[in-house]
Amino acid sequence: MSLPLSGVRVLELGNYIAAPTAARMLADFGAEVIKVERPGTGDELRNWRLYSGTTSMLYRTINRNKKSIVLDLRTEQGRQDVLDIAAHCDIVLENFRPGTLEKWGLSPEKLSEKNPDLIITRISAFGQTGPMSQRPGFAAVAEAYGGFRNLVGDPDRPPVRVGVSIGDSIAGLYAAFGCVMALFQRQTADASLTLEQRSIDVALNESILSMMESLIPDYLAYGVERERTGGRMEGIAPSNAYPCNDGHAIIIAGNGDAIFQRYMETIERPDLGADPELASNAGRWARREELDAAIAAWTGLHSRDQALTILDAAGVPSGPIYTAADVVADEQYNARNMIQNFAVDTGGEHPVEVGFVGIVPVIGEQSIPIRSVGPELGEHTAEVLRDLLGRTENETGA
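According to our numbering, the sequence shown is numbered sequentially starting from 21.
What follows is the structure, given as structure tokens:
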């Protein structure tokens, strides 16, 4: 099928997760993404969660649908190659510490001299300006600065981290959105965009802060400091995880006013459903311990599947807590092509069939096909230098 970003070319100077995630999203929908990697080791993500072989599934996932070229940005030739390739691109994406590109002679001004229409998207811990801009920082630190980490975990224990690099991924989403915004503005503007208009500045801490809902307005309007609430969401009840008698737990979100009444009927507690104090969410939150105890008493009488079947028949939102094995076997994900299989080298005698999560959002009825999983280090160096820069085979090292 014709993809929305076909014809767009992106130069990725990214490492780890944030910028590569943004570039992956653009690549998923048709952009040609040229990923620059350092000689020898490449993107450090190649070795993260590496259980066998030479390239991790994490790298294969985040760098799918891309081309990999090897350039040494510590050398004059490598930096000149970046400038020359950028002249043929629509977007440059990077997530180095602020000042790094400038130190290498690859500042936005220098890149813009080579390509006056170039969109330059930069991701950093705290942004390109402000008193903290020069500080290094990974997503874990940004999640703390953004107020997110303070709300994750149980109230009587220190804050914990969620099991994925959520700060990096959210920043990547914003960066991809910023790229598409700038592409649209460039296409529809009456005049050429200024460098300022073509510069997208994404900070990890701000990306996290933007996801914190009414955290700041609640504090400024009411003096409310939100606290960790474990499996609950503050101010919303009943919504939690509840244990069943087969060792599994399920999620039930019965916090809507109308849903709550039939929810209580379903768990054989019509007295709670008819209680006027529990008719609104504020009353239910005040009595959340009582409600959770009643619900857990009911789920404890049933297996996971039994409880979910009864709740589903009553129209009460609920679901299992999936593992990777559950996701792979799920008919809904498979019906929408959300698990796509590729033969991948994992260091054994033969390639292994590996499923990768499909492309989101869906266009039409199913996830569009992934074209390729993350490439081998430098797999496309000769091709890119030949096709874009006109180098000969001797010059490309092919």
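Beta carbons: idealized from backbone N, C-alpha and C, even for Gly.
(message) Suppose contacts are defined by Cβ-Cβ distances below 8 Å. Is residue 291 in contact with residue 73 by that definition?
(response) On the sequence shown, residue 291 is found 271 positions in, with the first residue counted as 1. On the sequence shown, residue 73 is found 53 positions in, with the first residue counted as 1. Contact annotation: residue 291 and residue 73 have beta-carbon atoms that are not nearer than 8 Å.
(request) State the start and end residues of the unbroken beta strand (DSSP E) segment that holds residue 319. (result) Position 299 of the sequence shown holds residue 319. Taken as a continuous stretch (DSSP letters only), residue 319 belongs to no beta strand (DSSP E), being part of the alpha helix (DSSP H) at 308-319.
(message) Here's the rule: buried if 16 or more other CB atoms are within 10 angstroms of the residue's CB, otherwise exposed. What is residue 22?
(response) As a working note, residue 22 is residue 2 in the sequence shown. Under this definition residue 22 is an exposed residue.
(message) Only counting the same chain, and skipping five residues up and downstream in sequence, which positions put a Cβ closer than 6 Å to that of residue 59?
(response) The residue given as residue 59 occupies position 39 in the sequence shown. Closer than 6 Å at the Cβ level, and outside the excluded window around residue 59, lie 90, 92.
(request) From the DSSP output, in three-state form, read off residue 197 for me. (result) Within the sequence shown, the letter at position 177 stands for residue 197. Correct three-state label for residue 197: helix.
(request) Could you spell out the range, first to last residue, of the alpha helix (DSSP H) harbouring residue 221? (result) The residue given as residue 221 occupies position 201 in the sequence shown. Careful: residue 221 lies outside any alpha helix (DSSP H), inside the beta strand (DSSP E) at 219-223.
(message) Please state the DSSP three-state secondary structure of residue 356.
(response) Here residue 356 refers to the residue found at position 336 when the sequence shown is read from its first residue. Correct three-state label for residue 356: coil.
(message) Using a Cβ-Cβ cutoff of less than 6 Å, which residues in the same chain neighbour residue 75 once the five nearest sequence positions on both sides are dropped?
(response) By 1-based counting over the sequence shown, the position of residue 75 is 55. Cβ neighbours of residue 75 beyond the five flanking positions: 66.
(message) So, at 8 Å on beta carbons, what are the nonlocal neighbours of residue 363 in its own chain, with the 5 sequence-adjacent residues on each side left out?
(response) Stepping through the sequence shown from its first residue, residue 363 is reached at position 343. Taken in chain order, the residues that qualify are 371, 372, 373, 374.
(message) Rounding to the nearest angstrom, what Cα-Cα distance links residue 104 and residue 70 in this structure?
(response) What you label residue 104 is simply residue 84 of the sequence shown in a count that begins at 1. What you label residue 70 is simply residue 50 of the sequence shown in a count that begins at 1. Approximately 34 Å between the Cα atoms of the pair.
(request) Could I get the ranges of all uninterrupted beta strand (DSSP E) runs contained in the segment 57-99, with 3 residues as the minimum, in chain order? (result) 86-90
(request) Taking all protein chains shown into account, decide if residue 17 is buried (16 or more other Cβ within 10 angstroms of its Cβ) or exposed. (result) One cannot answer for residue 17 here, as it falls past the ends of the chain, which runs 21 to 418.
(message) By the DSSP assignment, the beta strand (DSSP E) with residue 263 in it spans what residues?
(response) Counting from one through the sequence shown, the residue named residue 263 turns up at place 243. From DSSP, the beta strand (DSSP E) with residue 263 extends over 259-263.
(message) In the DSSP output, what is residue 55 paired with across the bridge?
(response) Locating residue 55 in the sequence shown gives position 35, where the first residue counts as 1. For residue 55, the pairing in a beta bridge is given by DSSP as 32, 88.
(request) Decide if residue 321 is buried, meaning its Cβ has at least 16 other Cβ atoms within 10 Å, or exposed. (result) For the purposes of this step, residue 321 is taken as the residue at position 301 of the sequence shown. Residue 321 comes out exposed.
(request) Report the partner residues of residue 272 according to the DSSP bridge assignment. (result) In the sequence shown, counting from the first residue as 1, residue 272 sits at position 252. DSSP lists 260, 338 as partners of residue 272.
(message) Is the separation between the beta-carbon of residue 274 and that of residue 258 shorter than 8 Å?
(response) The residue labelled residue 274 in the question sits at position 254 within the sequence shown. The residue labelled residue 258 in the question sits at position 238 within the sequence shown. Cβ distance < 8 Å, so residue 274 and residue 258 count as in contact.
(message) In this structure, how does DSSP classify residue 253 when only helix, strand and coil are distinguished?
(response) Along the sequence shown, one-based indexing puts residue 253 at 233. In the structure shown, residue 253 sits in a strand (DSSP, three-state: E or B).
(message) Which of the three DSSP states is assigned to residue 301 in this structure?
(response) Residue numbering aside, residue 301 sits at position 281 when the sequence shown is read from its first letter. Residue 301 falls in the helix class under three-state DSSP.
(message) Quick test of the definition: if touching needs 3 or more C-beta pairs under 8 Å, does the segment 275-287 touch the segment 210-230?
(response) no
(request) Could you tell me which of 297, 68, 266, 300 sits nearest to residue 327, measuring between CA atoms? (result) Mapped onto the sequence shown, residue 327 falls at position 307. It is 266.
(request) Quick one: using the 10 Å Cβ neighbour count with 16 as the cut-off for buried, is residue 48 buried or exposed? (result) The residue given as residue 48 occupies position 28 in the sequence shown. Classification for residue 48: buried.
(request) Within the same chain, show all residues whose beta-carbon is closer than 7 Å to that of residue 174, passing over the 5 residues directly before and after it, in chain order. (result) Along the sequence shown, one-based indexing puts residue 174 at 154. These residues qualify, in order along the chain: 248, 250.
(request) Output yes or no for whether 8 Å exceeds the beta carbon distance between residue 269 and residue 341. (result) Here residue 269 refers to the residue found at position 249 of the sequence shown. Here residue 341 refers to the residue found at position 321 of the sequence shown. Yes, they are a contact pair.
(message) Suppose you measure from the CA of residue 189 to the CA of residue 239; what does that come to, to the nearest Å?
(response) Here residue 189 refers to the residue found at position 169 of the sequence shown. Here residue 239 refers to the residue found at position 219 of the sequence shown. Spanning the alpha carbons of residue 189 and residue 239 requires a straight line of approximately 27 Å.
(request) Flag this pair as yes or no: are the beta carbons of residue 271 and residue 314 separated by less than 8 Å? (result) On the sequence shown, position 251 is the one that residue 271 refers to. On the sequence shown, position 294 is the one that residue 314 refers to. Their beta carbons are not under 8 Å apart, which means residue 271 does not touch residue 314 by this criterion.
(request) Taking the CB atoms as reference points, tell me whether residue 225 and residue 160 lie closer together than 8 Å. (result) What you label residue 225 is simply residue 205 of the sequence shown in a count that begins at 1. What you label residue 160 is simply residue 140 of the sequence shown in a count that begins at 1. Their beta carbons are not under 8 Å apart, which means residue 225 does not touch residue 160 by this criterion.
(message) Counting C-beta neighbours from all protein chains within 10 Å, is the total for residue 41 16 or more, i.e. buried, or is it exposed?
(response) Within the sequence shown, residue 41 is the residue found at index 21, counting from 1. By the 10 Å Cβ count, residue 41 comes out buried.
(request) Specify, as a first and last residue, the run of the beta strand (DSSP E) that residue 113 falls within. (result) On the sequence shown, position 93 is the one that residue 113 refers to. That run of the beta strand (DSSP E) goes 111-114.
(request) Report yes or no: do three or more beta-carbon pairs, one from the segment 109-118 and one from the segment 75-86, lie closer than 8 Å? (result) no
(message) Short of 6 Å in beta carbon distance, which residues of its chain neighbour residue 316, apart from the five on each side in sequence? Order them along the chain.
(response) Position 296 of the sequence shown, counting from 1, holds the residue named residue 316. So the list reads 262, once near-sequence residues are dropped.
(message) Is it buried or exposed, residue 63, if we count other Cβ atoms within 10 angstroms and call 16 or more buried?
(response) As a working mapping, residue 63 is identified with position 43 in the sequence shown. Answer is buried; the Cβ neighbour count reaches 16.
(message) Check for me: the alpha helix (DSSP H) holding residue 168 runs from which residue to which?
(response) The residue you call residue 168 lines up with position 148 of the sequence shown. Run containing residue 168: none; DSSP gives neither H nor E here.
(request) Report buried or exposed for residue 412, applying the criterion of at least 16 other Cβ atoms within 10 angstroms of its Cβ. (result) In the sequence shown, residue 412 corresponds to position 392, counting from 1. Exposed, by the Cβ-count rule.
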